[in-house]
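Notes for the one structure printed next.
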Amino acid sequence: MEGNVILALGLTLFAGLATGVGSLIAFFTSRTNKKFLSIALGFSAGVMIYVSLVEIFVKAKDSLTAALGETQGYWMTVVGFFAGIIFIALIDRFIPKKNNPHEVKTVEDVHAAELNAKAINEEQLMKMGLFTALAIGIHNFPEGIATFMSAIQDPNVGIAIAIAVAIHNIPEGIAVAVPIYFATGNRKKAFKLSFISGLAEPVGAIVAFLILMPFLNDVMFGVIFAAVAGIMVFISLDELLPAAKKYDETHLSIYGLVAGMAVMAISLLLLA
């Protein structure tokens, strides 16, 4: 168990710090490979959807039916699943759209922002960047819990989720770094704040470890795992797939989606 805890914390740190990678991409590349972005986001969604519905939901159901009986356990699994969806949807609902970190930003957006920067007050730009960083922190907190709890139960599933979350955190890093850079002209500061905003992911993991782990039993585990499945499915359908389709060419996002599902399916088969 101790080894799993260390691995789980490491995976959430890896996923969260991908926001820093996004800021580096924004500063040091001249254009976005939109085909790759579309495929990568679709792939991430495919991994999340497959592992949530085929692996996490099923394990939650098995745990709850073993503890509560077939009927009550199945009902509790479904309730937990939709509770996770409602939870992440409410978080998303109360983040203003202009500060929503899941509005994907490309490198081209950086250059567009540069052209428009003179027309925007530096204080407004700084506020926009800080609000976006806060929004990412709020979003990443439950994602950190999801990644941590998945890795505790099954390290292979945790690794898959961490990679998928990391892919979708990269555009979030761009969303934080761009306004802060143009407000301050300081790449280091923009990168640092983008980097820090991703730390909400491991903070969520630490909270899960300190608060949830001491009370973890079959029922609590099942409910949390079912909620994790709901959170992952909502993120995929509401954020990743629309962003992937935005830059889609000749169904690349769907090919990425299917590839993500296939890779996840084969991984689970090989590691079973």
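The sequence shown begins at 5 in the working numbering and counts up one residue at a time.
Here a beta-carbon is modelled for each residue, glycine too, at the ideal position from N, C-alpha and C.
Cα-Cα separation, residue i to residue j
| i | j | result |
| --- | --- | --- |
| Phe-204 | Val-223 | Correcting the residue type first, residue 204 is Ala in the shown sequence and not Phe. Rounded to the nearest angstrom, the two C-alpha atoms are 26 Å apart. |
| Met-268 | Ser-240 | 15 Å |
| Ala-247 | Leu-28 | 20 Å |
| Pro-175 | Ala-64 | 31 Å |
| Pro-105 | Phe-219 | For Pro-105, the pLDDT reaches just 49, beneath the cut-off of 50, and the residue's location in the model is therefore unreliable, although a value from the coordinates is still provided. Between Pro-105 and Phe-219, the C-alpha separation is close to 33 Å. |
| Gly-189 | Gln-76 | 58 Å |
| Asn-103 | Ala-233 | Summary for Asn-103: the model assigns pLDDT 48, below 50, so the residue's position carries little reliability, and this model does not support an answer. |
| Ala-168 | Met-80 | 27 Å |
| Ile-292 | Lys-192 | Nothing can be reported for residue 292: it is not among the residues displayed for the chain, which extend from 5 to 276. |
| Pro-206 | Gly-20 | 7 Å |
| Phe-152 | Ala-12 | 5 Å |
| Gly-50 | Gly-14 | 23 Å |
| Val-227 | Ile-171 | 27 Å |
| Leu-272 | Tyr-54 | 11 Å |
| Gly-148 | His-255 | 31 Å |
| Ala-209 | Thr-16 | 7 Å |
| Ala-286 | Met-130 | Residue 286 falls outside the range modelled here, since the chain spans only 5 to 276, and no answer is possible. |
| Ile-142 | Phe-98 | 10 Å |
| Lys-122 | Leu-244 | A caution first: Lys-122 carries a pLDDT of 48, below 50, which makes its placement in the model too unreliable to give a value. |
| Gln-157 | Ala-139 | 28 Å |
| Ala-230 | Met-52 | 13 Å |
| Leu-119 | Gly-26 | For Leu-119, the predicted structure reports a pLDDT of 49, less than 50, and the residue's modelled location is therefore unreliable. A value from the coordinates is still provided. Each residue's alpha carbon lies about 20 Å from the other. |
| Asn-173 | Ala-22 | 6 Å |
| Gly-24 | Tyr-78 | 40 Å |
| Ile-95 | Val-58 | 25 Å |
| Asn-221 | Ile-270 | 30 Å |
| Asn-144 | Leu-274 | 30 Å |
| Val-62 | Val-83 | 14 Å |
| Lys-39 | Ala-266 | 20 Å |
Terminal residues of the alpha helix (DSSP H) in which residue i lies
| i | result |
| --- | --- |
| Val-55 | First-last for Val-55: undefined, no H or E at that position. |
| Pro-175 | 159-188 |
| Gly-84 | 74-97 |
Contact belief for residue i with residue j at Cβ below 8 Å, rounded distance in angstroms
| i | j | result |
| --- | --- | --- |
| Ala-179 | Phe-195 | About 13 Å; that fails the 8 Å criterion. |
| Ile-60 | Val-161 | 7 Å |
| Ile-92 | Pro-146 | 6 Å |
| Ser-56 | Val-237 | 5 Å |
| Ser-67 | Phe-186 | With a Cβ gap of about 49 Å, Ser-67 and Phe-186 do not count as contacting. |
| Ser-48 | Gly-264 | 6 Å |
| Ala-166 | Phe-18 | 6 Å |
| Gly-177 | Ser-198 | 5 Å |
| Asn-8 | Pro-159 | 6 Å |
Where residue i sits in the DSSP three-state scheme
| i | result |
| --- | --- |
| Thr-251 | What sits at residue 251 in the sequence shown is Tyr, not Thr. Residue state, collapsed to three classes: coil. |
| Gly-202 | coil |
| Asp-242 | helix |
| Leu-220 | coil |
| Leu-21 | coil |
| Leu-119 | Reliability fails at Leu-119, whose pLDDT of 49 lies under 50, so the model's placement of it is uncertain and the value that follows must be treated cautiously. In the structure shown, Leu-119 sits in a helix (DSSP, three-state: H, G or I). |
| Gly-14 | helix |
| Asn-103 | Low confidence applies here, because Asn-103 scores a pLDDT of 48, under 50, leaving its location unreliable and the question unanswered by this model. |
| Gly-264 | helix |
Problem set entry | Any 3 or more C-beta pairs closer than 8 Å across the stretch 69-80 and the stretch 247-261 | no
Exercise. Looking at C-beta atoms only, is the number of pairs between the stretch 83-97 and the stretch 259-274 that lie closer than 8 Å three or more?
Worked result: no
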